[in-house]
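Structure record follows, encoded as structure tokens.
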Amino acid sequence: MPAGHVETDLITREELQLAARNHGMPLEALRYPITPVGLHYLLVHYDIPAVDPVAWRLEIGGLVEKAMMTFSLDDIRAMPATSLAVTMECAGNGRTALSPRPLSQPWILEAVGTGEWRGVSLRRVLEQAKPRADAREVVFTGLDHGLEGGIEQDYQRALSIADASRKEVPGLASTSCAAEPPMRPERCSRSTSPGRPAATRTTRSSG
């Protein structure tokens, strides 16, 4: 992922590379309550990881009362699940109208879509780990890995303990989404937190 800003109205080589790798939702698809399979916008931040769903594990550690906990994909799928229809919009949607604009995926207005996500509530997973009283945030580290601004890094996002533990609009450790084709191996699980900024809302979970 490149870094910096673009001072010209002309598209750069770096933006063209990103536009070829990612794609937006055709705005005609706004007519559907749930974005049809294959029409959801796609944004790949770093390299797409190769993951064995059988060997994949969700690990929870840090400021928790229980020692490092691990869950297999089957463990998560065995927990009581719920479904939520969630509209997501990339935090960078419309960035082509900015001047100067960030050197990133050149979205116009098409980085939006609605999917029906299914999974176990983050609250239920956290209750098993028992966060300590001094814990403030849940940090999600994805398997996505790459370079940004010349710095090698992992894809990470965070939610406050309060947001991750909500009852009224639960965050999900999602294992499927009706807006997408059958989940690719690297998409073992995602955290989904409706009502929160897109930059902190969704990430593939690490193993």
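The working numbering numbers the first residue of the sequence shown as 3 and each following residue consecutively.
From the three backbone atoms N, C-alpha and C, an ideal C-beta is built for every residue, glycine too.
- Classified as exposed, His-7 has fewer than 16 neighbouring CB atoms from the shown chains inside 10 Å of its CB.
- Assignment of Gln-130 by DSSP, reduced to helix, strand and coil, places it in the helix class.
- Here Tyr-43 is not near Ala-99, since their CB atoms are 8 Å or more apart.
- Going by C-alpha positions, Glu-16 is about 43 Å away from Met-81.
- Of the candidates Tyr-48, Tyr-34, Ile-78 and Leu-161, the residue whose Cα lies closest to the Cα of Gly-151 is Tyr-48.
- When the Cα atoms are used, Arg-59 and Ser-191 turn out to be separated by approximately 10 Å.
- Assigned with DSSP and collapsed to three states, Ala-87 falls in strand.
- According to DSSP, His-7 shares a beta bridge with Pro-104.
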